[in-house]
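Undergrad: In the working numbering, the protein residues as written are 36 to 457.
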């Protein structure tokens, strides 16, 4: 008997016993890879499906044993890779399972050759080994490529879905059959977590400035969802209250462009409002300045941003005469008012930060009182001055004015009405 006859005999025996070989391989996999196949109910892959897949791949390698010059049929390998990716079976375990399968074929052929005691069959078996291991290698390559391609497709589809959900939450327009609870579940937000909105400028057209931010946050235990627009990268991040600073520091470490963050909030329907505040915080950074800025937690600041028309009227009514002063005087007066309010009405602390004498601060404050007709000793007047100062501070975000930008303390860019000639 020639070697080729021996190979044909081996192939014929294997073809006749494919079902038994597939059963043996399934039994070995069940014993060695618990997370791959456990039982009919809890396994990632059912017994029937596993046996059928093994049989398809065994037929392909048996055909190659019978005709070593024929092109290998790797269609079953590709189908297996795609299906296992969709089932979520880890790739190393898929490859290990099929090594067990092909090893079962080899063990069966060896046992058959030994039982027949034909020297020519032993010689054919040695040649058959090369065919089996070549098929095993090419099977692994094709299966891996199909698995990875399918995984990439699934990830892209999941990203598109998450992006659509984030867009719906940011705009406050969920689908007809979904609401906040469904959106939170789809995004994986814990029920007891707080939320913030992040708005970051893109690097050019639709180019992320917070690169791989969702994965980087996830590595630290923060769940988030993101949406990329031509000009901004927008995200919603969930966190527990005690980890707020850790979450902000994580974001700050990856902020390579102007990035604004809203105040924390608890209810998903508040997201559109939070987006406005995050964008306002972003606009408070000087153009071209990379960094992260959180929106002022003050309800007054939020009110000014949320009602820009009222903020405009308030600023003009209260500080109109201050804004019409010559540029140098105006800057000093507004800077002093901001610092005085930030320092809880302490002229001494404001003077220290402004590098001047406390009496200089008091003189400037008296000038502001004369120009505005409002006293810094009357609570209602102080409230109006503070609200007007907030309106100016947030002017770049709410577009209160349309020309002649000026910078407030901290680098905030605002706009003001043109100076009137005197």
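Quick reminder that beta carbons are idealized off the backbone N, C-alpha and C, glycines included.
No experiment lies behind these values; they were computed from the predicted model shown.
Determine whether the beta carbon atoms of residue 171 and residue 42 lie at a separation below 7 Å.
TA: Not in contact: residue 171 and residue 42 (Cβ atoms no closer than 7 Å).
Undergrad: Determine the extent of the beta strand (DSSP E) in which residue 241 is found, giving its start and end residues.
TA: It is not in any beta strand (DSSP E) - residue 241 carries neither H nor E in the DSSP assignment.
Undergrad: Taking DSSP as the reference, what is the three-state secondary structure of residue 32?
TA: In this structure the chain extends from 36 to 457, so residue 32 is not present and cannot be described.
Undergrad: Provide the residue(s) that pair with residue 229 in DSSP beta bridges, ordered along the chain.
TA: Beta-bridge pairing links residue 229 to 274.
Undergrad: According to the Cβ coordinates, are residue 206 and residue 117 closer than 7 Å?
TA: Cβ atoms of residue 206 and residue 117: not closer than 7 Å.
Undergrad: Given 6 Å as the limit, tell me if residue 420 has its C-beta closer than that to any heavy atom belonging to the ligand GTP.
TA: Judged by which ligands are present, the structure shown has none, so any question about the ligand GTP falls away.
Undergrad: Which partner residues does residue 235 have in the DSSP bridge list?
TA: Answer by DSSP bridge pairing, in chain order: 268, 294.
Undergrad: Would you list the residues sitting across from residue 261 in a DSSP beta bridge?
TA: Answer by DSSP bridge pairing, in chain order: 270.
Undergrad: Distance, Cα to Cα, residue 147 vs residue 183?
TA: The straight-line gap from Cα to Cα measures roughly 37 Å.
Undergrad: Would you report the Cα separation of residue 56 and residue 229, rounded to the nearest angstrom?
TA: Roughly 55 Å between the two C-alpha positions.
Undergrad: Taking 7 Å as the CB-CB limit, is residue 326 close to chain B?
TA: Protein chain content of the structure displayed is limited to a single chain, and chain B is not contained in it.
Undergrad: Write down the C-beta distance between residue 460 and residue 325 rounded to the nearest angstrom, noting that I regard them as a contact closer than 8 Å.
TA: This structure gives no information on residue 460, because the portion of the chain shown stretches from 36 to 457.
Undergrad: Just curious, the alpha helix (DSSP H) that residue 329 is in, first and last residue?
TA: Looking at the DSSP string, residue 329 is not in any alpha helix (DSSP H); the run it does join, the beta strand (DSSP E), is 326-329.
Undergrad: If you count every other CB in all the chains shown that lies within 10 Å of the CB of residue 424, and 16 or more means buried, which is it?
TA: Label assigned to residue 424: buried.
Undergrad: What is the DSSP secondary structure of residue 300, counted as helix, strand or coil?
TA: Residue state, collapsed to three classes: strand.
Undergrad: Are residue 426 and residue 313 closer than 7 Å when you measure CB to CB?
TA: No, the pair does not count as a contact, with Cβ atoms beyond the cut-off.
Undergrad: If you draw a straight line from the alpha carbon of residue 280 to that of residue 135, how long is it in whole angstroms?
TA: Cα to Cα, the separation comes out at about 50 Å.
Undergrad: For residue 83, which three-state DSSP category applies?
TA: In this structure, residue 83 counts as helix in the three-state DSSP scheme.
Undergrad: One question on the structure: do residue 226 and residue 204 come within less than 7 Å of each other, judged by their Cβ atoms?
TA: Going by C-beta atoms, residue 226 is not nearer than 7 Å to residue 204.
Undergrad: First and last residue of the alpha helix (DSSP H) that includes residue 122?
TA: Taken as a continuous stretch (DSSP letters only), the alpha helix (DSSP H) holding residue 122 covers 110-122.
Undergrad: I need the straight-line Cα distance from residue 297 to residue 114, nearest angstrom please.
TA: Distance between the alpha carbons of residue 297 and residue 114: 47 Å.
Undergrad: Would you report the Cα separation of residue 173 and residue 108, rounded to the nearest angstrom?
TA: Rounded to the nearest angstrom, the two C-alpha atoms are 10 Å apart.
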